[in-house]
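S.K.: Handing you a structure now.
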Amino acid sequence: MHARNDWFTRAETGADTPAIRDINLAAFETPLEADLVDALRADPAWIDGLSLVATDADDKPLGHALLTRCHLDDTPALCLAPVAVRPEYQRSGAGTAAVRAALAAAKERGERYVVVLGHPAYYPRFGFTRASVHGIRVTIDVPDEALMALALDDTHPLPPGTVRYAAPFGI
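Counting along the sequence shown from 1, when you hit position 112 you're at 112 in the working numbering, and nothing is skipped either side.
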């Protein structure tokens with residue numbers, strides 16, 4: 001699939017729930033991510049407006065990015081996870097569009113920090129850097145380069161701390 005610039009993005013609506021589940025089921029080898037999204041919807045970490053979909057011109061969701069509340073020690077932050085795109089649309093820009101829209105929505109709401117545990121070749125395009133450089137860590141064993149963080153506002157640098165994830169993450 002070739003990169004496209006015609007992705008539309010918007011916050012999910014209740015009607016998108018089945019499509020988002022389908023995207024996550026198709027994008028990952030197990031249902032863990034799809035189940036995680038469903039569990040997070042029912043968790044206090046859920047923030048309306050920070051579950052974003054990338055749609056085609058017919059408003060069919062084909063990509064999804066989710067930000068939920070986490071903390072860096074006691075400082076509120078957001079966790080970017082999961083990010084998913086239907087396999088036939090991967091590498092088309094749908095994931096990038098959904099992530100950019102999610103980060104923009106978070107910044108608009110006055111959020112300051114985002115952490116992601118993911119592919120170190122993918123997330124730097126959004127401004128994420130290695131979290132350990134900022135003194136940010138997790139309680140599980142992960143490759144150092146896979147844990148990344150982003151300050152949404154340059155006037156508030158990333159604080160050090162241990163990431164405390166929402167309960168559905170099981171971390």
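All residues carry an ideal CB built from backbone N, CA and C; glycine is no exception. What you are looking at is a predicted structure, and each value in this text was computed from that prediction instead of being measured.
Give, in chain order, every unbroken run of the beta strand (DSSP E) that is at least 3 residues long and sits entirely within the region 47-105.
M.R.: Runs found: 51-55, 61-72, 75-85.
S.K.: Would glycine 14 be called buried (16 or more neighbouring beta carbons within 10 Å of its own) or exposed?
M.R.: Flag for glycine 14 reads exposed.
S.K.: When you compare the region 14-25 with the region 44-64, are there three or more beta-carbon pairs, one atom per stretch, that lie closer than 8 angstroms?
M.R.: Contact between the region 14-25 and the region 44-64 is present, because at least three Cβ pairs lie under 8 angstroms.
S.K.: How about threonine 33 and alanine 94: do their beta carbons lie closer than 8 angstroms?
M.R.: According to the sequence as given, residue 33 is glutamate; it is not threonine. Contact flag unset, no.
S.K.: For my contact list, alanine 23 and histidine 64 are in at a C-beta cut-off of 8 angstroms; report their separation, rounded to the angstrom.
M.R.: Residue 23 is actually isoleucine in this sequence, not alanine. Sure, about 5 angstroms apart at Cβ, within 8 angstroms.
S.K.: Going by the DSSP bridge assignment, what does alanine 151 pair with across the sheet?
M.R.: Per DSSP, Tyr113.
S.K.: Ends of the beta strand (DSSP E) at threonine 17?
M.R.: From DSSP, threonine 17 is part of no beta strand (DSSP E) but of the alpha helix (DSSP H) over 17-27.
S.K.: Tell me whether the beta-carbon of alanine 149 lies closer than 8 angstroms to the beta-carbon of tyrosine 113.
M.R.: A contact, by the Cβ cut-off of 8 angstroms.
S.K.: Within 10 angstroms of its Cβ, does histidine 134 collect 16 or more other Cβ (buried), or is it exposed?
M.R.: When all chains shown are included, histidine 134 counts as buried.
S.K.: Just confirm the distance between the C-beta atoms of glutamate 29 and isoleucine 20, as a whole number of angstroms; I'd bet it's less than 8 angstroms.
M.R.: Not a contact, Cβ separation roughly 18 angstroms.
S.K.: Leaving out five residues on either side along the sequence, give the residues of the same chain with a beta carbon under 7 angstroms from the beta carbon of arginine 130.
M.R.: Taken in chain order, the residues that qualify are Asp144, Glu145, Met148.
S.K.: Am I right that alanine 151 and alanine 45 are in contact with their C-beta atoms under 8 angstroms? What's the rounded C-beta distance?
M.R.: That belief does not hold up - the Cβ atoms of alanine 151 and alanine 45 are roughly 20 angstroms apart, past 8 angstroms.
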